[in-house]
Amino acid sequence: MQYISTPHQAELNAAERMKAWGFADAVATTGGSDGGVDVRSRDALAQVKFKGAVAGRPEMQQLYGAAAGGSQRLFFFSASGYSDQAIQYADQVGILLMTYDPLGEVDGVNQAAKRFLADVSVSPAAVEAPTDWKLVCALTAILIVVLSVTILLWWP
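Residues are numbered in the numbering used here as their position in the sequence shown, beginning at 1, plus a constant of 166.
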């Protein structure tokens, strides 16, 4: 992971995290007025605060307003943390508050974010893949036939 040293790198990090969480179409916005949204996905929006003071309630309200009553999940990523008023407001309207370190590691701040991260942190290896039993049976039958024919042809 590259050391995050610019606002754009922070936005790219947030977009990559969101992709890893299942928002495959997450894209960091580039340049210009973003209207409070730095990462967009069909199912999620995110604001990313790179440095400076803690994020406050006005930034939460801006992100919430950018969603305009849509059904998208709302994320706020901050390197500097959140004011108490920001956390209270985020809890009221359902914004998931995340902090990130200079290496891009993300932690949940409010309970909604912590629950979300716990849900998405299930290792892919721990999730059992579905088995296509018809395919398994068909391949087993083919193997039995091939072995039987081979034995009959080579048996003295």
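For each residue, glycine too, the CB sits at the ideal point set by N, CA and C. These numbers were taken from a predicted model, which means no experiment stands behind them.
Would you tell me roughly how many angstroms separate the C-alpha atoms of residue i and residue j, rounded to the nearest one?
i	j	result
residue 177	residue 298	40 Å
residue 253	residue 300	51 Å
residue 248	residue 266	12 Å
residue 174	residue 269	14 Å
residue 314	residue 321	10 Å
Provide the residue span of the beta strand (DSSP E) that contains residue i, from first to last.
i	result
residue 263	261-266
Would you list the residues sitting across from residue i in a DSSP beta bridge?
i	result
residue 243	214, 264
residue 194	205
residue 248	221
residue 274	264
Skipping 5 residues on each side, what residues in its chain have a beta carbon closer than 6 Å to that of residue i?
i	result
residue 278	262
residue 185	192
residue 195	204
residue 302	none
residue 202	213, 228, 229, 232
residue 310	none
Could you give the residue range of the alpha helix (DSSP H) that holds residue i?
i	result
residue 231	223-233
residue 286	277-286
residue 349	Outside the displayed span of the chain (167 to 322) sits residue 349, for which this structure offers no information.
residue 299	299-320
Enumerate in chain order the residues of its own chain whose CB-to-CB distance from residue i is below 7 Å, with the five nearest sequence positions on each side excluded.
i	result
residue 189	207, 209, 210
Might you give, ordered along the chain, the residues of its own chain that have their beta carbon closer than 8 Å to the beta carbon of residue i, omitting 5 neighbours on each side?
i	result
residue 257	276, 277, 278
residue 251	222, 223
Determine whether the Cβ of residue i lies closer than 9 Å to any Cβ atom of chain C.
i	result
residue 253	Of the protein chains in this structure there is only one, and it is not chain C.
TODO: Please confirm if the region 231-241 is in contact with the region 254-270, defined as three or more CB-CB distances below 8 Å between the two stretches.
DONE: yes
Open item on the list: For the region 206-218 against the region 175-189, do three or more pairs of beta-carbon atoms, one drawn from each stretch, fall closer than 8 Å, so that the two count as touching?
Closed with: yes
TODO: Report yes or no: do the region 304-312 and the region 218-225 share at least 3 C-beta pairs separated by less than 8 Å?
DONE: no
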